[in-house]
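One structure below.
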Amino acid sequence: MVFQIVKFAVISLLVVLIGAVILILSQRPKVLTDGQGLDFTQTLARTNEAPAPQIAVTMRDGFALQVREYPSSSPDVPLVVFVHGSGWHGVQFDALARKISDRADVLVPDLRGHGAKPGVRGDISYIGQLEDDLADLIAARRKDGQALILAGHSSGGGLVVRFAGGPHGAQMDGAVLMAPFLKYDAPMTRPNSGGWAQVMVRRVIGLSILNTFRIRALNHLTVIQFAMPRAVLDGPLGPTATTAYSYRLNTSFAPRARYLKDVAALPRFVLIVGAMDEAFDAALYAPTMREATDKGSYVIVPSIGHLDIVDAGQTQATLERFLDDF
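Residue 134 is where the sequence shown starts when you use the numbering used here, and the numbers rise one by one after that.
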């Protein structure tokens, strides 16, 4: 009897694993056409000025993380770490970082897998490495007793939420979330994030099954592609764009499956989103997140889309008021 039970269990497991592999192999990356993704027009226009130069900050595995620093001349200011969105890099915060550097010491990393010196573009070594990198950067640059604010846009905002719910979350004193990605099935997320993200759903399901059994050998495979406009790819910053993510990077760049649990771990925060956001329904953030926490305030900026929220005047003003409390 015991033998029969064990035999049934082994056969069932093999069927599940074979099914997972079939799901993974049934999808492959494809060439995306230049369609209705996000509008990079103003983002590209703002990169005409030379951004601050980058320095290398060494991570625990020896990787040289590329970081822009904007130190304040004022004493006793908080440390702000900006976290960029999917497919792009820290240059998106250059103008905003300059403007608030009188109120904070500012760090803007190009996350591992991104930017001009990504390591392996679109990939990392293990799930959770982006959080560890942020923790290493903070440890290297944070002054004794300095308040810490993490500020992220889109998937970067999602990473801030994930960081709050992870092993390093207690370090945070505040958070600024600019149109954050919470999860593909969160109420505010539009289909495919407004056409920006093309998810290989069968691959994600198959890899999720394997990871349930701690089988991680295929986590390097691509599971999501981004509809990066030709205007970006054919321009001077084209080589710095990242158009696809592996399973382990994509998983690391968002809150966990129970995203409201990560939301509940946030310290005091402010969420800023444009009323015209192409990827998310701005009106649904507050009712969704208030189910988990009462620590947040919510600002909807009229006539502003997803990417342009970063440099909106109301975003700067809201961020400055938030920082003044620290």
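Where is the CB? At the ideal position from N, CA and C, for every residue including glycine.
Can you tell me which of the three DSSP states residue i falls into?
i: residue 446; result: helix
i: residue 386; result: coil
i: residue 274; result: helix
i: residue 296; result: helix
i: residue 253; result: coil
i: residue 265; result: helix
i: residue 348; result: coil
i: residue 441; result: helix
i: residue 342; result: helix
i: residue 260; result: coil
i: residue 458; result: coil
I want to see whether chain B comes within less than 8 Å of residue i, judged by CB atoms only; does it?
i: residue 302; result: Going by chain labels, chain B is absent from the structure shown, which holds only one protein chain.
From which residue to which residue does the beta strand (DSSP E) around residue i run?
i: residue 308; result: 307–311
i: residue 330; result: 330–332
i: residue 356; result: 355–359
Can you name, in chain order, every residue of its own chain whose Cβ lies under 7 Å from the Cβ of residue i, other than the five neighbours on each side?
i: residue 210; result: 236, 237, 238
i: residue 149; result: 342
i: residue 383; result: 356, 357
i: residue 232; result: 449
i: residue 438; result: 172, 407, 409, 410, 411
i: residue 394; result: 298
i: residue 246; result: 252, 253, 254, 255, 256, 257, 375, 382
i: residue 419; result: 431
i: residue 414; result: 321, 323
i: residue 279; result: 211, 212
i: residue 319; result: 392, 421
Within a Cβ cutoff of 6 Å, which residues of the same chain sit near residue i, ignoring the five residues on either side of it in sequence?
i: residue 185; result: 201
i: residue 326; result: 412
i: residue 440; result: 171, 176
i: residue 392; result: 315, 316
i: residue 230; result: 203, 239, 241
i: residue 217; result: 223, 225, 289
i: residue 337; result: 356
i: residue 153; result: 339, 342, 343
Give me, in chain order, the residues of the same chain whose beta-carbon lies closer than 8 Å to that of residue i; leave out the 5 immediate sequence neighbours on both sides.
i: residue 428; result: 399, 400, 401, 402
i: residue 426; result: 396, 397, 399
i: residue 106; result: Within the shown structure, residues of the chain are numbered from 134 to 459, placing residue 106 beyond reach of any answer.
i: residue 174; result: 364
The alpha helix (DSSP H) spanning residue i covers which residue range?
i: residue 281; result: Run containing residue 281: none in the alpha helix (DSSP H); it sits in the beta strand (DSSP E), 281–286.
i: residue 364; result: 363–366
Could you pull out every unbroken beta strand (DSSP E) segment of at least 3 residues lying fully inside the stretch 368–430, listed in chain order? 377–379, 402–407
What alpha helix (DSSP H) runs, 4 residues minimum, are completely inside the stretch 162–240? 174–178, 227–233
Kindly confirm or deny that the stretch 294–303 and the stretch 360–372 touch, where touching means at least three C-beta pairs closer than 8 Å. no
Quick check: the stretch 183–198 against the stretch 240–256, are at least 3 beta-carbon pairs closer than 8 Å? yes
The stretch 377–396 / the stretch 258–274 touching (three or more Cβ pairs under 8 Å): Three or more Cβ pairs drawn from the stretch 377–396 and the stretch 258–274 lie within less than 8 Å of each other, which places the two stretches in contact.
Three Cβ pairs or more, each shorter than 8 Å: is that satisfied between the stretch 311–323 and the stretch 262–280? No contact exists between the stretch 311–323 and the stretch 262–280.
For the stretch 191–201 and the stretch 340–354, state whether three or more C-beta atom pairs, one from each stretch, are separated by less than 8 Å. no
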